[in-house]
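Single-structure report; data block below.
Number of protein chains: 2
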Amino acid sequence: MATEALIERILAASDGPSSSTIDALHELLDDAPIEASTVPRSVAEAARLVGLSTHTLRYYEQEGLVRPARNASGYREYSAADLRRLVFLTRMRLSGMTMTDLKRYISLVEQGPSTVTERRRIMRDQHDRITRQIRELRLALETTEYKIRVYDGHPEG
Amino acid sequence: MATEALIERILAASDGPSSSTIDALHELLDDAPIEASTVPRSVAEAARLVGLSTHTLRYYEQEGLVRPARNASGYREYSAADLRRLVFLTRMRLSGMTMTDLKRYISLVEQGPSTVTERRRIMRDQHDRITRQIRELRLALETTEYKIRVYDGHPEG
DNA sequence: GCTTGCTTTCAAGCGCGCTCGAAGCTCTAG
DNA sequence: CTAGAGCTTCGAGCGCGCTTGAAAGCAAGC
């Protein structure tokens, strides 16, 4: 998946003390006033920034997940808000949310505040799925660690 | 994925104190002397026990991941060792190991002790991938928690 | 012996999420 | 004016991991 680049970058950025870094990320990525470089980005720039391909960005737009403005020539212009949404989309995709669910969720977002209840439900479901997934991964992690111990000739192999 | 049933069961079984439970699981699932019910299982029983479909079990065999014995009529008979392997396979699949890598690994296992070095390398790679994945999931988890807080009308939404 | 439900093999199909390629338009540098 | 890079839309293709279906054999109860 091309989206791994994004994660690498985000993870690299979040080395520091966890809680404050996360707050900073939220501020940066979700609702903060638009920062310095508020210049709209071309599809290639946006793709590079979020770690997706330009093809994927166009595909997401086609699916209604993001709606960048167009300039006079019909070129896409991704605003800071568009980029924040792309980061959100990428995180949700990486955590296993399906395109169908994501499309549903974004459609609710675009319908305005009356849909908050259902949006919260979707986020709660996703939260639970992620929690479960992390537990699964921890089991798998233990299994690899066990195998590695055995292959390292650990006494209780 | 049909494999979720397995995870549910394993997770249900591993409620207790983490470390000792994990040891018990390893003992049970990896190298312990075969336990009480050493009766071979039909493909349907095996499927039920590991939470996969019978189709998937046959597919895994076709791919060389497991080699259950056959009875006089050509029916598959899954031994305890076969079941342990299936559990291992399921965990690795759920943690995102590809069929290709898993086939390579199992082929090394079947080639005997001389392949331990490469097997260890594969398990270490997989360990690293899982670790990375868990970090990604934690970011996504934070994102859902943030959204839920906002939708719950939390002051610092 | 018949029925019911399991088993077998084999090959084809599918759903998801991209991914690619073609054909053509626009911008910039030289 | 031209070359080359990057943009547009559109539709088709693909890779992975199953999943399904067809056709036929086997087992157990009535």
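Chains A and B, in that order, are what the protein sequence lines are.
Read in the numbering used here, the first sequence has 126 at position 126, and its numbers run on one by one without any break.
Read in the numbering used here, the second sequence has 1125 at position 125, and its numbers run on one by one without any break.
Ideal placement from N, C-alpha and C gives every residue a C-beta, glycine not left out.
Using the Cα positions of residue i and residue j, report the straight-line distance between them to the nearest angstrom.
i	j	result
Asp125/A	Gln111/A	20 Å
Leu137/A	Asn71/A	45 Å
Leu1086/B	Val39/A	53 Å
Leu139/A	Ser73/A	53 Å
Tyr151/A	Ser53/A	39 Å
Leu65/A	Leu1094/B	28 Å
His1055/B	Met1099/B	16 Å
Leu49/A	Arg84/A	10 Å
Thr143/A	Arg1119/B	13 Å
Arg1149/B	Thr90/A	20 Å
Tyr59/A	Pro113/A	26 Å
Asp1101/B	Arg1121/B	12 Å
Leu141/A	Asp128/A	20 Å
Ala81/A	Gly1153/B	21 Å
Glu1063/B	Tyr1105/B	12 Å
Arg1076/B	Thr1115/B	28 Å
Met123/A	Glu145/A	32 Å
Ala1047/B	Ala44/A	47 Å
Met1092/B	Arg1067/B	18 Å
Ser1042/B	Gly1096/B	27 Å
Glu61/A	Ser107/A	12 Å
Thr117/A	Ala1069/B	54 Å
Arg132/A	Ile1134/B	11 Å
Tyr1078/B	Lys1147/B	47 Å
Val109/A	Leu57/A	19 Å
Gly51/A	Gly1051/B	35 Å
Pro130/A	Lys1103/B	Residue identity check: residue 130/A is Ile in the sequence provided, not Pro. Cα-Cα distance, rounded: 28 Å.
Could you have a look at residue i and say whether DSSP puts it in helix, strand or coil?
i	result
Ala1069/B	strand
Glu1145/B	helix
Thr131/A	helix
Ala140/A	helix
Val150/A	helix
Ala32/A	Only weak support exists for where Ala32/A lies, its pLDDT of 40 falling under 50; the coordinates are left without a value.
Considering just the uninterrupted stretch of the alpha helix (DSSP H) at residue i, what are its terminal residues?
i	result
Tyr1059/B	Thr1054 to Gln1062
Val50/A	Val43 to Val50
Contact set between the region 50-61 of chain A and chain B, restricted to residues whose Cβ is under 8 Å from the partner: Against chain B - using a Cβ distance shorter than 8 Å - the region 50-61 of chain A contributes no residues.
Contacting positions in the region 1104-1123 of chain B - beta carbon closer than 7 Å to chain A: Val1116, Arg1119, Arg1120 and Met1123
Whole runs of the alpha helix (DSSP H) within the region 1067-1127 of chain B, excluding any shorter than 4 residues: 1080-1094 and 1099-1110
Residues of the region 1075-1095 of chain B whose Cβ lies closer than 8 Å to any Cβ of chain A, in chain order: Phe1088, Arg1091, Met1092, Leu1094 and Ser1095
Proximal residues, the region 130-152 of chain A versus chain B, C-beta separation under 9 Å: Ile130, Thr131, Arg132, Gln133, Ile134, Arg135, Glu136, Leu137, Arg138, Leu139, Ala140, Leu141, Glu142, Thr143, Thr144, Glu145, Tyr146, Lys147, Ile148, Val150, Tyr151 and Asp152
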